[in-house]
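So the structure is just underneath, and the comments pick up after that.
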Amino acid sequence: GAGVSQSPRYKVAKRGQDVALRCDPISGHVSLFWYQQALGQGPEFLTYFQNEAQLDKSGLPSDRFFAERPEGSVSTLKIQRTQQEDSAVYLCASSLDRHQPQHFGDGTRLSIL
Amino acid sequence: DAKTTQPPSMDCAEGRAANLPCNHSTISGNEYVYWYRQIHSQGPQYIIHGLKNNETNEMASLIITEDRKSSTLILPHATLRDTAVYYCIVRASGGSQGNLIFGKGTKLSVKP
């Protein structure tokens with residue numbers, strides 16, 4: 875389909891391992907957002923890209939979280955030295971520009987053991 | 125913190141209209157009202173947005189009060205597939221911030 879695609883759909887990692895989560899936005903969408911959703915809560919903003927530029931990373935919870943979008947299309951969210959509190963669903967959204975409605979992928983459910 | 129207040133849950137009979145309220149008493153003049161919904165195990169889905177006029181699309185209608193301090197999302201003929209958490213979000217039209225601030229939303233259960 876032409877929607878936002880995220881992979882993997884599920885990821886299980888041991889505490890201390892590094893993980894990488896991928897987001898393929900809708901083609902042509904300039905803006906890309908990452909959100910974290912804890913169980914029973916609404917999504918919370920992590921970071922925002924306009925093309926390849928990371929314009930806002932104020933929501934990243936610690937320096938263990940790192941995101942990139944080197945060619946202005948696919949984005950990767952990396953979490954280093956994972957901890958149990960990192961367990962959540964990580965959602966990616968894209969939009970034509972930051973003012974337009976955002977289209978979300980179905981997320982990656984990350985479980986840290 | 126979210127700038128909106130929604131009831132935590134609502135029930136609706138299949139085939140009837142679902143009216144979901146949202147209070148946003150501190151909304152600013154340049155802030156839009158957005159509605160998203162999230163079906164279990166899926167990402168949020170955009171439904172509709174508006175500034176001051178009522179809006180309608182193929183999914184729903186959005187009624188905004190004249191003072192803009194509250195709004196109602198209307199699903200005219202709810203189906204079982206409309207069971208989801210519905211989020212009301214206010215968002216500025218300009219500025220550098222484009223991210224959405226979600227609250228806890230309203231869990232709508234459509235029952236046969």
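In order, the protein sequence lines correspond to chains F and Y.
Counting in the numbering used here, the first sequence runs from 875 upward without gaps.
Counting in the numbering used here, the second sequence runs from 125 upward without gaps.
Ideal placement from N, C-alpha and C gives every residue a C-beta, glycine not left out.
- With 16 or more other Cβ atoms inside 10 Å of its own Cβ, S969/F counts as buried.
- Residue M183/Y holds the alpha-carbon nearest to the alpha-carbon of H173/Y among V209/Y, K235/Y, M183/Y.
- In the structure shown, L204/Y falls within a helical segment according to DSSP collapsed to helix, strand and coil.
- Of the residues assessed, T921/F falls on the buried side of the cut-off, its CB having 16 or more other CB atoms within 10 angstroms.
- Contact between the region 937 to 956 of chain F and the region 879 to 899 of chain F is present: 3 or more CB-CB pairs across the two stretches fall below 8 Å.
- Contact fails between the region 935 to 949 of chain F and the region 879 to 889 of chain F, because fewer than three Cβ pairs, one in each stretch, are under 8 Å apart.
- The alpha-carbon separation between A216/Y and Q974/F amounts to approximately 11 Å.
- In the pairwise beta carbon analysis, the region 191 to 198 of chain Y is classified as not touching the region 902 to 910 of chain F: fewer than three pairs are separated by under 8 Å.
- Judged by beta-carbon spacing, S133/Y lies beyond the 8 Å limit of K228/Y, meaning their Cβ atoms are not closer than that value.
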